[in-house]
Amino acid sequence: MSLLRPLSTMVRATVPTVRPMIVAANTSPPSLSVTHRSKHSATQVKRLFKNNPARLRLLKKKGLSQVAAPQIPERIYPSIFNPTFLGNGWSAPPSPGEVQVPQYPFRVARTGNKPFGAVGFLPVYRDVRIHNTKHTTIIRNVAGDIPAFLDELRAVLQLPEGKKGVLTSASTGAHGGGEAGRGVNRENPIRIRTGGAIEVNGDHAREVKRWLAGLGF
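Right, dumping it as structure tokens:
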């Protein structure tokens, strides 16, 4: 009996099957959609072209400026007292027999718990954040008509109305940031923080203390 087998039974070559591609007649290639991307974003266009300082100066020179003057209210309650401040920022309130303090729609209470019943400080503080680059002013213990107080505060500090009005904890996000997480800024200078404290953009502690002491608080 022979042990040799035919080579065709031992080697089985796999020949790939080639299927012809049928191309339909009169078939045009699919159209390519081209998307043109703008070179500048909307924010960049606004900053570079619409609010460009050179363009605004040129429009103002030609009398074509479209920038409206900021709406700043006028003071309603004039100063009734000329305070004297010590080096630590404390000032004595007017004595009852010296001047008569009118009834304001708002009131600001001084700090309490002083030894021997001493008169406290006006609750106006400076706040410095972001590596000494962000300066704000904090006013506490304000009660009564808050909108009337803010209008008088804006008149004293010559602050325009905010682009978003008066910021609050609901409009500033979970972490206290205002527009884009920046808190108060030039466009939105006033914010009412959680707890009722009023935050003002910039260092205005000296002006606010003199204003409140002049009203008799």
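Going by our numbering, the sequence shown opens with residue -9, and the numbers climb by one from there. C-beta: ideal position from N, C-alpha, C; glycine also. Here the structure is a predicted model, which is why all the values come from computation and not from measurement.
Ranked by Cα distance from Lys153, the options Glu177, Gln61, Gly192, Gly173 are led by Glu177. Cβ-Cβ distances below 8 Å link Val174 to Thr126, Leu157, Gly168, Ile180, Arg181, Glu189, Val190, Asn191 in the same chain, with the five nearest sequence neighbours on each side left out; the list follows chain order. Distances from the alpha-carbon of Asp141 to those of Gln90, Tyr67, Val89 put Tyr67 closest. When DSSP states are grouped into helix, strand and coil, Glu197 belongs to the helix group.
Here the C-alpha atom of Gly102 lies approximately 25 Å from the C-alpha atom of Pro137. Excluding the 5 residues flanking it on each side, Thr184 has same chain C-beta neighbours closer than 8 Å at Ser159, in chain order. Here the alpha carbon of Val118 sits roughly 6 Å from the alpha carbon of Lys124.
With a beta-carbon spacing of about 4 Å, Pro73 and Ser81 fall inside the 8 Å limit used to define contacts. Within a 10 Å sphere around the beta-carbon of Lys199 sit 16 or more other beta-carbons, which makes this residue buried.
Going by C-alpha positions, Pro84 is about 9 Å away from Gln90. In this structure, Leu202 keeps its C-beta atom at 8 Å or more from the C-beta atom of Ile70. Glu189 is bridged by DSSP to Ile128, Arg181. Inclusion of Val132 and Gly186 in the CB contact set at 8 Å is warranted, their separation being smaller than that value. Per DSSP, the unbroken beta strand (DSSP E) holding Phe96 starts and ends at 96 to 98. Only residues of its own chain outside the window of five on either side were considered, and among them Tyr94, Pro95, Phe96, Arg97 have a CB closer than 8 Å to the CB of Gly134, listed in chain order.
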